[in-house]
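Trainee:
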Amino acid sequence: MTPVCAKIGGRSDIMKNRSSEDAIKIIESIAKMKARIRKYKEKNLSIALVPTMGYLHKGHLSLIEKAKANTEVVVVSIFVNPTQFGENEDYGVYPRDLERDRKLSEEAGADYIFNPSVEEIYPRGYNTYVEVEKLTEKLCGKSRPGHFRGVTTIVNKLFNIIEPDRAYFGLKDAQQVLVIMKMVEDLNMNTEIIPCPIVREEDGLAMSSRNVYLSKKERSISLVLSKSLFEAKDKVNAGERNLAKIVARIKANIDNESEITIDYVKAVNMINLENATTLENKVLIALAVKIGKVRLIDNIILEGN
Ligand code: AMP
13 MTPVCAKIGG RSDIMKNRSS EDAIKIIESI AKMKARIRKY KEKNLSIALV PTMGYLHKGH
73 LSLIEKAKAN TEVVVVSIFV NPTQFGENED YGVYPRDLER DRKLSEEAGA DYIFNPSVEE
133 IYPRGYNTYV EVEKLTEKLC GKSRPGHFRG VTTIVNKLFN IIEPDRAYFG LKDAQQVLVI
193 MKMVEDLNMN TEIIPCPIVR EEDGLAMSSR NVYLSKKERS ISLVLSKSLF EAKDKVNAGE
253 RNLAKIVARI KANIDNESEI TIDYVKAVNM INLENATTLE NKVLIALAVK IGKVRLIDNI
313 ILEGN
């Protein structure tokens with residue numbers, strides 16, 4: 013694919029600001045980001061956004077690579093968004109390493125990192141929030157009140173700043189994907205949402221920035237999550253159709269590990285996240301637990317007949 017700078021044509025200021033054609037640029041100001049985007053829009057170049065909270069791993073990189081394969085300009089946002097964290101959650105200790113993220117994003121093919129400060133995004137007197145109802149009352153929304161309001165607000169702001177043709181989200185946060193899709197539909201937004209599969213460690217644990225906080229023992233115990241979900245899928249493939257039984261079995265496996273506290277294990281449909289009793293269409297088996305102080309989520313999608 014032709015590099016972005018070549019498509020812009022000539023020695024524009026965009027070229028001058030890059031040490032080499034492929035070097036990634038970090039932008040902290042909304043005004044500067046918007047100005048860059050305007051230039052690309054004038055040239056009719058397609059723009060992709062990969063929203064993240066940073067401390068990137070292969071899950072994030074898979075989204076960036078996919079974005080790069082389908083879009084001319086790829087912006088990765090790195091912003092630990094305070095409005096999606098509850099009071100007693102890990103906002104203050106969320107892992108951060110911009111230099112490492114810069115290298116990884118560049119290698120994966122991103123053109124820009126948008127890395128605004130909290131004050132840039134939520135200046136004094138900030139008062140506007142976006143809320144999707146119903147879907148956000150289930151699963152993680154139940155145990156993390158206000159979480160999705162923070163997510164939809166920041167994603168909305170990012171969409172307004174970056175005006176992406178496409179935005180890439182991981183199915184690791186399956187509920188988030190559905191909530192964002194609903195927001196886009198309900199508010200007639202112009203961005204296409206591209207859901208991407210979960211990337212796992214070799215032993216099955218779903219990649220997460222929070223995994224670094226697991227002790228060696230907790231890391232080893234955490235395998236029960238993916239193992240139980242894979243076992244559920246195997247059972248369905250072997251003909252099991254009783255979702256209640258499948259969920260009960262996952263819960264029992266996890267309950268065997270005394271260091272793990274279950275928030276929820278649920279079988280829900282992929283449309284409105286209502287409890288699923290039969291294996292019709294797509295069923296999401298989703299779980300959230302706490303291992304020590306670390307909250308982990310994982311899920312698997314079962315295809316009905
Ligand atoms: P986060 O930085 O955790 O907010 O995640 C940013 C984006 O990366 C979200 O769309 C996540 O769903 C996605 N993501 C996080 N972990 C994974 C994973 N293991 N596989 C695929 N996507 C992921």
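Whatever position you read off the sequence shown (first residue = 1), add 12 for this note's numbering.
Beta carbons: idealized from backbone N, C-alpha and C, even for Gly.
(1) Cβ-heavy atom distance between D275 and the ligand AMP below 8 Å?
(2) For S232, name the three-state secondary structure that DSSP assigns.
(3) Per DSSP, which residues does V87 bridge with? Please list them.
(4) Which residue wins for smallest C-alpha separation from N281, given the options V87, T165 and L314?
(5) Measuring CB atoms only, is the stretch 166-186 touching the stretch 199-209, in the sense that at least three cross pairs come out at less than 8 Å?
(6) Going by DSSP, what residues sit across from L299 in a beta bridge?
(7) Which residues in the same chain as S24 place their Cβ atom closer than 6 Å to its Cβ, once the five residues preceding and following it in sequence are excluded?
(8) Give a yes or no on contact between the stretch 124-141 and the stretch 245-262, applying the rule of three or more CB pairs nearer than 8 Å.
(9) In the DSSP assignment, find the unbroken alpha helix (DSSP H) run with E204 in it and report its ends.
(10) Leaving out five residues before and five after V218 in sequence, what residues of the same chain have Cβ atoms less than 7 Å from its Cβ?
(11) Should G182 be counted as a contact of the ligand AMP given a C-beta to heavy atom distance under 8 Å?
(12) Count the CB pairs spanning the stretch 295-306 and the stretch 265-279 that are closer than 8 Å, and state whether there are at least three.
(13) Let me check one thing: in DSSP terms, what residues is K70 bridge-paired to?
(14) Considering I318, what are the terminal residues of the beta strand (DSSP E) in which it resides?
(15) Would G66 be called buried (16 or more neighbouring beta carbons within 10 Å of its own) or exposed?
(16) Which residues share a DSSP beta bridge with G182?
(17) What residues in its chain sit with their C-beta under 8 Å from that of G316, if we drop five residues either side in the sequence?
(18) By Cβ distance below 6 Å, which residues in the same chain neighbour G164 in space, the five residues on each side in sequence not counted?
(19) Is it buried or exposed, V236, if we count other Cβ atoms within 10 angstroms and call 16 or more buried?
(20) Which two residues bound the contiguous beta strand (DSSP E) that contains I39?
Mentor: Taking the coordinates as given:
(1) No, the ligand AMP has no heavy atom inside 8 Å of this Cβ.
(2) helix
(3) L61 and Y124
(4) L314
(5) yes
(6) DSSP lists V277 and D310 as partners of L299.
(7) Confidence at S24 is low in this model, with a pLDDT of 37, below 50, so its placement is unreliable and the value that follows should be read with caution. Only residues of its own chain outside the window of five on either side were considered, and among them none has a CB closer than 6 Å to the CB of S24.
(8) no
(9) Per DSSP, E204 belongs to no alpha helix (DSSP H); it is in the beta strand (DSSP E), E204 to C208.
(10) Reading off the sequence, residue 218 comes out as Ala, not Val. Once the five neighbours on either side are set aside, the close Cβ partners of A218 are K184, I210, R212, S238 and D310.
(11) Judged by the Cβ position, G182 qualifies as a neighbour of the ligand AMP at the 8 Å threshold, a heavy atom of the ligand being closer than this.
(12) yes
(13) For K70, which the question treats as bridged, DSSP gives no partner whatsoever.
(14) With the chain represented from 13 up to 317, any question about residue 318 goes unanswered, as that position is not in the structure.
(15) buried
(16) C208
(17) T290, L291, E292, N293, K294 and V295
(18) Here residue 164 is Thr; the residue named in the question, Gly, does not match the sequence. Closer than 6 Å at the Cβ level, and outside the excluded window around T164, lie V142, V144 and M195.
(19) buried
(20) Looking at the DSSP string, the run of the beta strand (DSSP E) that includes I39 is K37 to I39.
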